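What follows is a short report on a single structure.
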Amino acid sequence: MKTSTSASVDLALPLRKEYAQVLRLAVAGIASRLDFNWEQIEDIKLASEEAFLLVMQKKMDKNIHFNFLLRPDRIAVNVVNAHLGSFNMQSYEQKYSFFILTGLMDKVDVVPRNESYFDLKFVKKLY
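Quick note: the sequence shown uses the numbering used here, first residue 6, plus one each step.
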């Protein structure tokens, strides 16, 4: 990490397609605080955008909340209280999104809050 301390960054964006690019730019800036190479930053950007689009499928008129936890050896991304309906991996879209996330990141977890809301967490380690 370019600084010796850990950091936490919170980001809330309107859940509209045109904000996906804003998310990618913000993620690039946040991830660049660590010593990730260009390819790793692209993985984090793509995974974050995929999470954004997965939540956007529910077409809720609200904001999406991301928390980025920067540690000297990793970045952990948490999509907080995301409305995913029933996340049961039965729909093609959910399977495809999860496939992308697990392919790009080192760890992916879906943590239920109740029947419709989840925390979507993923981690990219600095090697």
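All residues carry an ideal CB built from backbone N, CA and C; glycine is no exception.
None of these values were measured; they are calculated from a predicted model.
Can you tell me whether residue i is buried or exposed? The criterion is at least 16 other CB atoms within 10 Å of its CB, across all chains shown.
| i | result |
| --- | --- |
| Val-116 | exposed |
| Lys-100 | exposed |
| Phe-41 | buried |
| Ala-36 | buried |
Run through DSSP, which three-state label would residue i get?
| i | result |
| --- | --- |
| Lys-100 | helix |
| Leu-106 | helix |
| Asp-114 | strand |
| Asp-48 | helix |
| Arg-76 | strand |
| Ser-53 | helix |
Taking the Cβ atom as the reference point for each residue, do residue i and residue j lie within a distance shorter than 7 Å?
| i | j | result |
| --- | --- | --- |
| Glu-55 | Ser-102 | yes |
| Val-128 | Ala-52 | no |
| Arg-79 | Ser-11 | no |
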